Amino acid sequence: MSIQGIDAASVHRLTSGQVVTDLQTCVKELVENSLDAGATSIEVRFKQHGLGSIEVIDNGSGIAPADYDSVALKHYTSKLATFDDIASVRTFGFRGEALSSLCALCESVTVLTATEDEAPMGTVLEFDARGRVKSRSGKAARQRGTTVTLTKLFAPLPVRRKDLEKNAKREFGKALGLLQAYALVPCSKENGGVRFTVSNQLDVGGRKVQLQTKGNGSIQAAVTALWGPKAMENVVTLDIAFDVEAERGALKRLAPTTHVQVKGLISKFMPGCGRQSSDRQYLFVNGRPCNLSKVQKAFNETYRLFNATQTPFVIADIILPTDTCDINVSPDKRTIFLHSESNLIVALKVCLAASLHSFLTSAAGGTG
Ligand code: ADP
Ligand code: MG
């Protein structure tokens, strides 16, 4: 076979399937867009655990009429103009891939949006599989903000659709887990917090609220809303700061030391409480939920110095200069490269041990 270019429509479908790999990433992309739009209230409505439809309603900025045509085109974004901007990017999105990918992966994608100027009347936009506006004729009542509705996720990819149908409840559970992390995000920032509501509707029976936070900005309130008042009984505030020395061969433009803060909550030692599971460990970098296996290990190892039998419940936001981490590693942006990571981990362990030690010597806890 001779070498030929793949046609544009096929390329679009191929790459889209890598951006949105499952229900969890689909919901994550929509919620991130709402947060990027400055929403203070986000509602996620599933039908049949996401098999039927997924709807995300926010009170963010809305989309301006001039942007309707480009909003779901691949690599069209309002968040990044040149590659260099990535060193300072603070938004969740920046590649302009999510909406265009979802258009290729769902039976239908509809957006109802209104900016301050259009409210209380919004415009309904329907997109085709390539992210082009199919129709923009509809008008509907809408306060400022955006509603994105997807139906039949993965309908164009039969194998993946079958898998989603087979594992609907498990996939839904994973999506809920991720939404919990996003419901905690703004708490570590100083911007007041976001009200989150997540509900699911089955064929029979009504709509069931799965998760709800008030959005009053306190991390304690969010934890209580997510897991009940008991969850707050045994946690203490985590607030440490340290300097990390740049490793050999460091980037010239970086300062020789980086100031790092770690803020959040960590559970006290609870002798006799049995094993704590590690599924309540939420790590963030500058407010972005991510997988940081080495940092997570550092938390668990340090904790084990004081408590041999338990792993901590931990919510920790690692705050560092944006140009000392690279978030453009994986399509889902959950893998992050941290500059001088080994030094950071050593410094974190030392600082964390000192902090945990002070809980021990205060009235807070005992050893395991
Ligand atoms: P990215 O987030 O990387 O920019 P997306 O495909 O997720 O790419 O979104 C494309 C653009 O659509 C965004 O840059 C933003 O301008 C607009 N957008 C998407 N969702 C919303 C929303 N909920 N509110 C306001 N604008 C939105
Ligand atoms: Mg996005």
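Residue numbers for the sequence shown follow the UniProt record's numbering, so the first one is 1 and each next one is one higher. Each residue gets a CB set at the ideal place from its N, CA and C atoms; glycine is no exception. Computed from a predicted structure; not experimentally measured.
In chain order, which beta strand (DSSP E) runs of at least 3 residues are fully inside the region 151 to 205?
-> 195 to 201
Expressed to the nearest angstrom, what Euclidean distance is found between the alpha-carbon atoms of ASP36 and GLU29?
-> 10 Å
What are the start and end residues of the beta strand (DSSP E) that includes ILE42?
-> 41 to 47
For GLY122, name the three-state secondary structure that DSSP assigns.
-> Strand.
Whole-number beta carbon distance between ASP332 and LYS263, since they are thought to touch under 8 Å | No, LYS263 and ASP332 are not in contact; Cβ-Cβ is about 24 Å, not under 8 Å.
Alpha carbon of PHE313 to alpha carbon of THR335, nearest angstrom | Going by the C-alpha atoms only, they are around 21 Å apart.
What are the residues that DSSP puts in a beta bridge with LYS208?
-> ASN200
Any non-hydrogen atom of the ligand MG closer than 6 Å to ALA222 Cβ = no
Distance cut-off 6 Å: GLY287 Cβ against heavy atoms of the ligand MG | No.
To the nearest angstrom, report how far apart ALA85 and HIS75 are at their CA atoms.
-> Just to set this straight, residue 85 is Asp in the shown sequence, not Ala. For ASP85 and HIS75, the distance between alpha carbons rounds to 15 Å.
Boundaries of the beta strand (DSSP E) in which THR21 is found, first to last residue | No beta strand (DSSP E) holds THR21; DSSP gives it neither H nor E.
Throw me the rounded Cβ distance for the LEU80 and PHE94 pair, which I believe falls under 8 Å.
-> 4 Å
Below 7 Å CB to CB, which residues in the same chain sit around LYS214 once its five sequence neighbours on both sides are set aside?
-> Cβ within range, chain order: ARG195, ALA221, ALA225.
Count the other C-beta atoms from every protein chain shown that fall within 10 angstroms of the C-beta of HIS357, then say buried if there are 16 or more, exposed otherwise.
-> Under this definition HIS357 is an exposed residue.
Which of the three DSSP states, helix, strand or coil, is assigned to residue 381?
-> In the structure as shown, the chain starts at 1 and stops at 368, and residue 381 therefore has no counterpart that could be examined.
Give the straight-line distance between the Cα atoms of residue 370 and THR115, rounded to the nearest whole angstrom.
-> A question about residue 370 goes unanswered here, because the residues of the chain that appear run from 1 up to 368.
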